[in-house]
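The next block holds one structure in the form of structure tokens; read it before the comments.
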Amino acid sequence: MTTETKQFGYYPGCELRTRAKALDCSAQKVCRDLGITLAELKEWTCCGGLVPQVKDNYMGFLAPARIFLEARAQGLDSLVTLCAFCFNTLRRASFFLARHPQVRARLATFLDVEGLPEIKVLHLLEVLRDHIGFDRLRQAVRKPLDGLRVGPYYGCLLLRPAQEIMLDNAEEPTLMESFLKALGCEVVDFSRKTDCCGSYHIVTNGEIAGRCAEQILDSAGESNVDLLVASCPVCQFNLDWKQSQANHTNIPVVYVTQLLALALGEPVDTLGFSHRAASMLPAA
Amino acid sequence: MAVQRLAKLKKKEVPAPQTVRVYIMGKNHDVPTGLTILKAMEAAGYRLVRGVGCRGGFCGACATVYRKAGDFRLQVGLACQTGIEDGMYLAQIPFYPAPKPLYDIRELTPSAETLFRFFPELARCIQCNTCAKVCPQGLDVMRYIAAAQQGDLRRVAELSFDCLSCGLCVSRCPAEVAHYHVGMLARRLCGAHLVPKAAHLRTRLQEIREGGFEEELDKFCSMDKQTLQGLYAQRVIEPEE
Amino acid sequence: MSQLLSFRRENDLVTEIADLSEQNFYACYQCGKCSAACPAAFAMDIPPHQLIRLLQLGQGEKAMQSDAPWSCVGCLTCTTYCPKGVDPARIMETVRTLHLRRLEGPFRYTQLDGERLAALPQSALVAAMRKVTW
Chain A
122 MTTETKQFGY YPGCELRTRA KALDCSAQKV CRDLGITLAE LKEWTCCGGL VPQVKDNYMG
182 FLAPARIFLE ARAQGLDSLV TLCAFCFNTL RRASFFLARH PQVRARLATF LDVEGLPEIK
242 VLHLLEVLRD HIGFDRLRQA VRKPLDGLRV GPYYGCLLLR PAQEIMLDNA EEPTLMESFL
302 KALGCEVVDF SRKTDCCGSY HIVTNGEIAG RCAEQILDSA GESNVDLLVA SCPVCQFNLD
362 WKQSQANHTN IPVVYVTQLL ALALGEPVDT LGFSHRAASM LPAA
Chain B
-3 MAVQRLAKLK KKEVPAPQTV RVYIMGKNHD VPTGLTILKA MEAAGYRLVR GVGCRGGFCG
57 ACATVYRKAG DFRLQVGLAC QTGIEDGMYL AQIPFYPAPK PLYDIRELTP SAETLFRFFP
117 ELARCIQCNT CAKVCPQGLD VMRYIAAAQQ GDLRRVAELS FDCLSCGLCV SRCPAEVAHY
177 HVGMLARRLC GAHLVPKAAH LRTRLQEIRE GGFEEELDKF CSMDKQTLQG LYAQRVIEPE
237 E
Chain C
14 MSQLLSFRRE NDLVTEIADL SEQNFYACYQ CGKCSAACPA AFAMDIPPHQ LIRLLQLGQG
74 EKAMQSDAPW SCVGCLTCTT YCPKGVDPAR IMETVRTLHL RRLEGPFRYT QLDGERLAAL
134 PQSALVAAMR KVTW
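So the sequences go chain by chain: A, B and C. Whatever position you read off the first sequence (first residue = 1), add 121 for the numbering used here. Mapping of the second sequence onto the numbering used here: position 153 corresponds to residue 149, and the numbering continues sequentially without gaps. Whatever position you read off the third sequence (first residue = 1), add 13 for the numbering used here.
Below is the structure:
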């Protein structure tokens, strides 16, 4: 366990307060256990749900701009996120705004502020890798998850577009694998670990969302995983939803921080695991 | 002599009525100073049957948009509460129809899901803050919409408490959100499901159901008018303790 | 004469798509990797590389009429795989944006069922509202 405290700003995102409370709660527990201080923004609004990809849409950057301003107002220069949507949106917004001074100026005028701050947007896995280190993480583990076959499911938003996100190699990532190894899991590679789960088409086109989820689950199923880990409430939902529709696989999808909290010794019944997920975990 | 001097004095001292020029829906009118927008419109000859209500700043019927000469910003207010200035450009807005869902409050759960179920357009909010800029009550509308998205119904209720449902936010929202309906639903959900029920009220209702007040009620029902009036006149209005 | 005018209109459209998406269609050499990688290609009338081909040939209206942009999931797999640095996802989004700004498209948010939507993850709903609905 580390004795020094590292402080980062924390941006949960709307879903971590509604549907994905387990991701929020388990993340806060692990940060407390590891000596990472998460200073949640006192006031925050929706991140905007994906940045615009056309040249002239500046309004789509308003929401991230407000969040960055709030961070600066609290004296924070970094924001840790967990939800892949929020991470992707804020990271790309930060990248874009840093390179487009005219957009920054326009938004600053609209928002009646002097200028927009540059805020570092981080994912918690990145903090674990770069600020704690996986060796120290391994030492902090009290209940190694030996024998648990876990498939790392990245989805798209944690990795792409690679030249803007720069979290890991977008085609052959290793971040989750290293993380899971530190917890003592048996890491199971499967071919579709970076495929899209169907994303927003869960709203507009169930057929596409279903097909995307099905291919991922088939691939994971063939590799005989006990569990899949993800860091996105939409991925978690889409994969779960597909399995509730059709009876072919029954692989629980859990959040990275739920497994981490378990490995650090938090009681299993405080972490929001479903019955099915809990039944796959090593005995206490 | 004295009467003539008095008359001269009176003539000098009585000032000519001061007027200001206002533009009502494009047409200029000279109306007396010191009026509210509502009274100015009436002084100009308009007879308002819609867009007017309590005249006391409480009902939200008279939401108005105006501009001051030389300023590009649109200002808002309640016509019955805002004073006119020289060179004001006035426009009374019609009431913008907003979707009103039907529900039985008792059957709903107090959660973000319920709000999204009736108002999926909540997800369209782009955090532009035009709603807050246009609120005549100065409410933090964008924040309560954010609280709605985060499922924090108590916060929605708290921040939207003074909302008059005037509809100015709806008229300007680029995402077509109906803010005041969202606030109303959140407040109702809080009241019906989240706020603790008054225990003493429940006790009293139980007492009534069990007939604890039947005797007294019978006594009153059998009294004649004079006795009742006498009792009423002698009632204690405000208990001393 | 009318053919010339329609040619110019088509050209304007293709230019507008190129400008808004900031993409050089002509860099694409039709290798098809994007279409092979696209998880939604099975649902499209024409896959991504063919849409780009239409734009290369100045066929803006045909590109606009394709249903491919509405099936796109925005996963950026195509962008990651393109050997020439073209971003087909941006082109898809540009075509969608042009439709949405004209207030047209297959997904009208008022027609989405509220009861069903409430059970779905919010992030997906917000993203859908931003990307594919009008």
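From the three backbone atoms N, C-alpha and C, an ideal C-beta is built for every residue, glycine too.
Taking residue i as the reference, which of the options has the closest Cα?
i      : options                        : result
C:I59  : C:A76, C:G71, C:A50            : C:A76
C:P82  : C:V99, C:A56, C:C95            : C:A56
A:Q181 : A:Q195, A:F217, A:L338         : Looking at the sequence provided, one finds Gly at residue 181 of chain A rather than Gln. Considering only alpha carbons, the answer is A:F217.
B:G163 : B:G41, B:P90, B:R43            : B:P90
C:L33  : A:R259, A:S312, A:Q174         : A:Q174
A:C353 : A:G156, A:A141, A:Y132         : A:A141
A:L301 : A:V324, A:H396, A:R259, A:E328 : A:R259
A:T391 : A:F129, A:Q128, A:K150         : A:K150
A:V242 : A:L266, A:K176, A:C207         : A:C207
B:V166 : B:V191, B:L190, B:Q145, B:M138 : B:M138
C:I30  : C:I104, C:Y122, C:A49, C:A137  : C:I104
A:C318 : C:N37, C:S48, C:A53, C:F38     : C:A53
What's the gap between the Cα of residue i and the Cα of residue j?
i      : j      : result
C:M14  : C:T107 : In this prediction, C:M14 scores a pLDDT of 44, lower than 50, which makes its location untrustworthy; no coordinate-derived value is stated.
A:T139 : C:Y42  : 46 Å
B:P28  : B:C58  : 20 Å
B:F54  : B:C76  : 10 Å
A:F358 : C:L26  : 39 Å
A:A351 : C:G71  : 42 Å
B:F239 : B:L201 : Outside the displayed span of chain B (-3 to 237) sits residue 239 of chain B, for which this structure offers no information.
C:G127 : B:Q222 : 60 Å
A:T409 : A:H221 : Outside the shown range of chain A (122 to 405) lies residue 409 of chain A, about which nothing can therefore be said.
B:A153 : B:L160 : 13 Å
B:M84  : B:G73  : 13 Å
B:Y42  : B:G134 : 28 Å
A:G327 : B:R183 : 34 Å
A:R193 : A:P238 : 7 Å
A:M122 : A:L304 : Bear in mind that the predicted position of A:M122 carries a pLDDT of just 43, short of 50, making it unreliable; the figure below should be weighed with that in mind. Using only the alpha carbons, I get a separation of about 14 Å.
B:G207 : B:G47  : 48 Å
B:A142 : A:T166 : 5 Å
A:R332 : C:K144 : 20 Å
A:H369 : A:K363 : 9 Å
B:M21  : B:P95  : 28 Å
B:M180 : C:C85  : 37 Å
B:C124 : A:L171 : 16 Å
B:G270 : B:F115 : The first residue shown for chain B is -3 and the last is 237, placing residue 270 of chain B beyond what the model contains.
B:E38  : B:H25  : 11 Å
A:R225 : A:N178 : 13 Å
B:D148 : A:P282 : 33 Å
Determine the extent of the alpha helix (DSSP H) in which residue i is found, giving its start and end residues.
i      : result
C:V139 : 135 to 144
A:I337 : 327 to 343
B:G73  : Per DSSP, B:G73 belongs to no alpha helix (DSSP H); it is in the beta strand (DSSP E), 70 to 74.
A:E161 : Counting along the chain, A:E161 falls outside any alpha helix (DSSP H), though it belongs to the beta strand (DSSP E) covering 157 to 161.
B:Y42  : Element bounds for B:Y42: n/a, residue is neither H nor E.
A:Y376 : Taken as a continuous stretch (DSSP letters only), A:Y376 belongs to no alpha helix (DSSP H), being part of the beta strand (DSSP E) at 374 to 376.
C:V108 : 101 to 114
C:T90  : 90 to 94
A:S400 : 396 to 401
A:A351 : Not the alpha helix (DSSP H): A:A351 falls in the beta strand (DSSP E), residues 348 to 351.
Tell me where the beta strand (DSSP E) around residue i begins and ends.
i      : result
B:N24  : 23 to 28
B:Y85  : 84 to 88
A:K127 : 127 to 131
B:R63  : 59 to 63
B:Y19  : 15 to 20
Can you pull out the residues from the region 125 to 152 of chain A whose beta carbon lies closer than 7 Å to at least one beta carbon of chain B? C135, R138, T139
Identify each residue in the region 111 to 141 of chain B for which the Cβ-Cβ distance to at least one residue of chain C is less than 7 Å, and report them in chain order. F112, R113, F114, P116, E117, A119, R120
Which runs of the alpha helix (DSSP H) spanning at least 4 residues fall entirely within the region 219 to 245 of chain A, listed in chain order? 222 to 231
Could you give the uninterrupted runs of the alpha helix (DSSP H) lying entirely in the region 242 to 294 of chain A, keeping only those of 4 residues or more? 245 to 248, 255 to 261, 283 to 286
Can you list, in chain order, the residues of the region 43 to 73 of chain C whose Cβ is nearer than 7 Å to any Cβ on chain A? P52, A53, F55, A56
Chain A contacts made by the region 136 to 147 of chain C, where a contact means CB separation under 8 Å: Listed by position, the residues of the region 136 to 147 of chain C near chain A (Cβ gap below 8 Å) are S136, A137, L138, V139, A140, A141, M142, R143, K144, V145, T146.
Please give me, in chain order, every unbroken run of the alpha helix (DSSP H) with length at least 4 that falls completely inside the region 109 to 169 of chain B. 126 to 129, 137 to 145, 149 to 155, 164 to 168
If the cut-off is 9 Å on Cβ atoms, which residues from the region 271 to 303 of chain A count as contacting chain C, listed in chain order? Hits within the stretch, in order: G276, C277, L278, L280, R281, P282, A283, A291, E292.
Closer than 8 Å, Cβ to any Cβ of chain B: which residues of the region 160 to 175 of chain A, in chain order? E164, W165, T166, C167, G169, G170
If contact means a Cβ-Cβ distance below 7 Å, which residues of the region 346 to 358 of chain A contact chain C? P354, V355, F358
Along the region 171 to 205 of chain A, what residues have a CB closer than 7 Å to any CB found in chain D? Note that chain D does not occur in the displayed structure, where the protein chains are A, B and C.
Taking a Cβ distance cut-off of 7 Å, strictly less, list which residues of the region 109 to 131 of chain C are near chain B, in chain order. Y122, L125, G127, E128, L130, A131
4-residue-minimum alpha helix (DSSP H) runs that sit fully inside the region 360 to 394 of chain A, ordered along the chain: 377 to 384
Please identify, using Cβ separations under 9 Å, the residues of the region 66 to 79 of chain B that lie next to chain A, in order along the chain. Closer than 9 Å at the C-beta level to chain A, one finds no residue of the region 66 to 79 of chain B.
For the region 318 to 334 of chain A, which residues have a CB atom closer than 9 Å to at least one CB atom of chain C, in sequence order? C318, G319, S320, Y321, H322, I323, V324, T325, N326, E328, I329, A330, R332, C333
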